[in-house]
Structures are given as structure tokens and as C-alpha cells.
Amino acid sequence: MAIRRKHVTRGWRAAIAALIGSVLVLASAQSPAQAAETDWSSFDANQARVLSGVYSATINGATYDVVRGTDNNIWFRYNGGRWNPLGGDNASRTTSPPRIIEFPPGRAMTVIRGLDGEIWYSQVNSGSANFWTSWTRFPAGARAIGSPMVSVVPGTGTLFIEAPNANRRINLMLAWNRNGQIQPGRTWDLDGYALLGTNATDIEGNSQIVLNGLDYNNEEVTRSYFTGTDHHVWTETRVGDTVRDLHEVNGGAECVSGVGAARLGNQTTVVRPGQPGYSEQQRVLLACIGNDGYVWETQSSDGGRTFDGWRHPAGMLAPSSSTPAVNPSNNSWTLNVRWNGARSTAFPDNAAVAKRIN
Numbered sequence: 033m034a035i036r037r038k039h040v041t042r043g044w045r046a047a048i049a050a051l052i053g054s055v056l057v058l059a060s061a062q063s064p065a066q067a068a069e070t071d072w073s074s075f076d077a078n079q080a081r082v083l084s085g086v087y088s089a090t091i092n093g094a095t096y097d098v099v100r101g102t103d104n105n106i107w108f109r110y111n112g113g114r115w116n117p118l119g120g121d122n123a124s125r126t127t128s129p130p131r132i133i134e135f136p137p138g139r140a141m142t143v144i145r146g147l148d149g150e151i152w153y154s155q156v157n158s159g160s161a162n163f164w165t166s167w168t169r170f171p172a173g174a175r176a177i178g179s180p181m182v183s184v185v186p187g188t189g190t191l192f193i194e195a196p197n198a199n200r201r202i203n204l205m206l207a208w209n210r211n212g213q214i215q216p217g218r219t220w221d222l223d224g225y226a227l228l229g230t231n232a233t234d235i236e237g238n239s240q241i242v243l244n245g246l247d248y249n250n251e252e253v254t255r256s257y258f259t260g261t262d263h264h265v266w267t268e269t270r271v272g273d274t275v276r277d278l279h280e281v282n283g284g285a286e287c288v289s290g291v292g293a294a295r296l297g298n299q300t301t302v303v304r305p306g307q308p309g310y311s312e313q314q315r316v317l318l319a320c321i322g323n324d325g326y327v328w329e330t331q332s333s334d335g336g337r338t339f340d341g342w343r344h345p346a347g348m349l350a351p352s353s354s355t356p357a358v359n360p361s362n363n364s365w366t367l368n369v370r371w372n373g374a375r376s377t378a379f380p381d382n383a384a385v386a387k388r389i390n
């Protein structure tokens, strides 16, 4: 049965009232990594200096990477090649990380918060590696203070956008593919449930996933993860356009950044129990910067309902100056960070550094 708006909102406020002002350190017992991990290494042979994690999408076997450069322009590379400014210098300035997603099918779309606080997008034209369309603005009214969270709901083929607004709440918009043309909704709607953390200057992580909800009669659900006003990680679950649940992620994390999240498996479909790829799609990884300044992660094998405990990734501690980017494949995640050279000289300051977690 759906949880009605007033019940969710009251529960959220009560939880915040109970937790706000408390000091909970990310100090859970560090358990061994639950899966094989590579060491931290340079993501791009030490080419770039960045102001965000690198976000990636693989489409028809080709990989597109996008990142916010130190010039505040969006840069991209294709299949591990050279970095190039997306749209040309000064065309895509932003103070927030970019997003990249496959939408419509077969095309890469990059979505950013513009300097005007609105949400803009560009697409690879006709599958070309190096030609992007002019930037197009979604309808005004996002009033974004950070990057949007984006995902495609496979059952409807709908692009779902969540943009953190100036009141630390989330504005929502849907967009559809109409014969290759993007048709967005007319206005932004307000999510009355989530309240974002006021401690995080970088609140954005692309933390929106779509999967089979075993807890909701095997319906297709959208889960979003974010840092709340108590600095803990919270998750909101939607079935269609209805919020069905809002609760704190178990483990007691305290984050000073946004949250990165991704599930494994085919990113363009949602499969049901018993179908090939189901167990992979139920595996979810979350990552944030803890209050010690280092990257922490936690994993789920039940579709993001419960997690196995926060820990530092295996190997050396990874200091990051931005929310970690979590990029999925069928059977592994790539955790990508903007290295904080003031805390560790293992890599240059603002280098793109990554590891794979299987």
C-alpha cells in the first residue's frame, strides 16, 4: 500500500529532529572488501586536472567519459582517447559535475547545471564520436544549486531528472523520446519529501537507479540516494510518480559530500526474478566522502534495501575533493575520484584516479 505524502513527510521531519545536532563519526568496523578490487590508479594516464569525478556511459560498445575541468568547462573523451572540450570553450561552463546517460537509445546525452541555475543538455549527433549538438535548455524553473540526477525508466522509456534547488529540496522533471526528439515536461515539480544536507558544498552525486523492486511486488522502482541534513545517507523509493518509502540507509554513515550510486547489469532494461541478469541488477554500490576526508563505500545485494556496512575501499586511503563517481558495467563498478593532493601525494592534486570493484 502506498505511503501517503503526509506520513512520509512527518516521518522524515521527526527523524531529522531526532538526529540533527548529533555527531556520528564514520567509524564502523572496517570489514574486508566483499569483492575483488584493483588498486587505485590514474584513470587517464595523468592527462587531465579535474574539478569532479569522471562520469562514463558505454553505448554500443563505445565509451564516453565527461568531466568538469579546472577551467569549469565540460570535457569529454571517446574510447579512452584525448580529452576535448564539449561544445567548445565557454559553451558549457558549469560549477557542477556533468552527467552522461544513454538517451534516447543509441545516443549519449550529457546533462549539466548551467551558470544560470537551469538544466541543459547536449547529445552526440548521429553516433559521431566528436560532434555534439548545441546546448538546449530544459524548461526554466529548476533553480538548481548542483548537478541533476538522471536515469532512464526502461518500462516507459522516460528520462527522469532530479535537480537540487535553492531551498535544498529537489525539483523533478520527466522527458520523453519522440522519434529522436527530446520532449520534456512543461514545468518542474517539487519533491516534498527529501531535504538535502546543508553541510555539503558538493551535494551532487549521480545517485539514481532503476531496478526490479522485490519489496514492491516486482514493480519497476526508482531509488535515489542523497545526503540529508543530519549528514547521513537517505534513500527515497518511487513506483511510477508515487513516493513509497523514505528512510536512512543502514550503517550510520556521515558524509561531507553527495552520494554516488550505481547498480550492475544491463543499464537499459530491468529484469525480474528468474530472468538472466537479475542477481547482477540487484547489486548496488554507494560511495561518499566521509567526515575523515576519505572515500567510503557500501554494497547491497538486495536491490538497495539493505547494505553490508560502510568501509574504506581496499588498499590505500583515497582522499577526494568531490563526490565520487560510480560507473557501472554488467559485473563491476569503476569508482572514480578527484584526488585531493593536499592529503596524499600518491597522485597529483585534482588528478582523475579510479579503481574497479567486482
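The numbering used here numbers the first residue of the sequence shown as 33 and each following residue consecutively. All residues carry an ideal CB built from backbone N, CA and C; glycine is no exception.
Report the rounded CA-to-CA distance for residue i versus residue j, giving the unit in angstroms.
| i | j | result |
| --- | --- | --- |
| L147 | G325 | 28 Å |
| P117 | D247 | 43 Å |
| G101 | V86 | 10 Å |
| H344 | I321 | 10 Å |
| S124 | G306 | 44 Å |
| C287 | S353 | 13 Å |
| T300 | V184 | 8 Å |
| T70 | N111 | 20 Å |
| N29 | R175 | Outside the displayed span of the chain (33 to 390) sits residue 29, for which this structure offers no information. |
| V182 | F379 | 30 Å |
| W115 | N249 | 45 Å |
| A65 | E329 | Since pLDDT at A65 reaches only 40, below the 50 mark, its modelled position is unreliable, and no value is offered. |
| W167 | M141 | 11 Å |
| L227 | R218 | 24 Å |
With 16 as the cutoff for other CB atoms within 10 Å, does residue i come out buried or exposed?
| i | result |
| --- | --- |
| Q213 | exposed |
| Q240 | buried |
| N359 | buried |
| N390 | exposed |
| S128 | buried |
| F163 | exposed |
| R84 | The identity of residue 84 in the sequence shown is Ser, whereas the question assumes Arg. Result: buried. |
Does any C-beta atom of chain C lie closer than 9 Å to the C-beta of residue i?
| i | result |
| --- | --- |
| L83 | Reference to chain C is not applicable here, since this structure consists of a single protein chain. |
Residue range of the alpha helix (DSSP H) that residue i falls in?
| i | result |
| --- | --- |
| E312 | Y310 to Q313 |
For residue i, which beta-bridge partners are listed by DSSP?
| i | result |
| --- | --- |
| G187 | DSSP output for G187 lists no bridge partner at all. |
| W371 | S352 |
| A293 | L318 |
| G101 | V82 |
| Q213 | R210 |
| L227 | None, per the DSSP bridge assignment. |
| G347 | The partner list for G347 (beta bridge, DSSP) is empty, contrary to what the question assumes. |
Could you check where the beta strand (DSSP E) with residue i kicks off and where it finishes?
| i | result |
| --- | --- |
| G245 | Q240 to G245 |
| W328 | V327 to S332 |
| E150 | Unbroken run through E150: none, as it is neither H nor E. |
| W107 | I106 to Y110 |
| Y87 | Y87 to I91 |
| D277 | T274 to E280 |
| V358 | A357 to P360 |
| V143 | A140 to R145 |
Legend entry - Three or more C-beta pairs below 8 Å linking the segment 309–317 and the segment 330–337: yes
Legend entry - Stretch pair the segment 201–221 + the segment 275–282: three plus CB contacts closer than 8 Å: no
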